[in-house]
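Under the working numbering, the first residue of the sequence shown carries the number 1230, and numbering increases by one thereafter.
To keep things clear, I will list the structure first and then write my remarks on it.
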Amino acid sequence: MKTLKCCGAQGDLLIRRIEKLPENIKQEKSIEGRFIVAHSESGHHHVIAEKPGVEYFSGEDPMVAYLRVIDNTEVTLEHLRDFDTHESWLIKGGTYEILRSREYTPTGWRRAQD
C-alpha cells in the first residue's frame, strides 16, 4: 500500500492536498458504508470507507470532489477489482481535492467511462 503525501494518482483519479475546502460544496452521504470516489459501470469503483473523521464533498463541477480526513484519522482509497487492480492508497489527516479524468464526446466533456 502506498501512502499519499502531497499528491498521487489512482486510475482515473488525481488527488492532491489543498489548504482548505472551497465554499459552496455539499457533504455527501455514503452508500452502503462507502464513499464512491470514482464510479465504474462494471462495479469496479474506487472507494473510501465511511468512518468517523472522514468527510466527502461535491461541488458544482462534477469532475472535482473533496475529502477531509480529520487530524489523526487515516483512510484507505481502494479499487474494487479482483484482477489488474490499482494499488491502495493510505490517506492521512488533511484536506484533499480529487480530480477525475474526463473525456470529450460530441455533446461535450464528461467523466471518463469504462
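For each residue, glycine too, the CB sits at the ideal point set by N, CA and C.
Asked: State yes or no: is the C-beta of Arg1297 within less than 8 Å of the C-beta of Glu1279?; Found: no
Asked: List in chain order: all unbroken alpha helix (DSSP H) runs of 4+ residues lying wholly within the segment 1279-1335.; Found: none
Asked: Are at least three pairs of beta-carbons, each pair with one atom in the segment 1328-1337 and one in the segment 1279-1289, less than 8 Å apart?; Found: no
Asked: Where does Leu1243 sit, in a helix, a strand or coil, going by DSSP?; Found: strand
Asked: Give the secondary structure of Cys1235 by DSSP, where H, G and I count as helix, E and B as strand, and everything else as coil.; Found: coil
Asked: Please confirm whether any heavy atom of the ligand SAM lies closer than 7 Å to the CB of Lys1249.; Found: For the ligand SAM, the structure offers nothing, since it holds no ligand at all.
Asked: Starting from Ile1254, trace the beta strand (DSSP E) both ways and give me its first and last residue.; Found: Looking at the DSSP string, Ile1254 is not in any beta strand (DSSP E), and its letter there is neither H nor E.
Asked: Answer with buried or exposed for Ile1260, where buried requires no fewer than 16 other C-beta atoms within 10 angstroms of its C-beta.; Found: exposed
Asked: Determine, using beta carbons only, whether Lys1231 and Glu1316 come nearer to each other than 8 Å.; Found: yes
Asked: Which residues does DSSP list as the beta-bridge partners of His1275?; Found: Ala1267, His1308
Asked: CA-CA distance, Asp1241 and Ala1267?; Found: 8 Å
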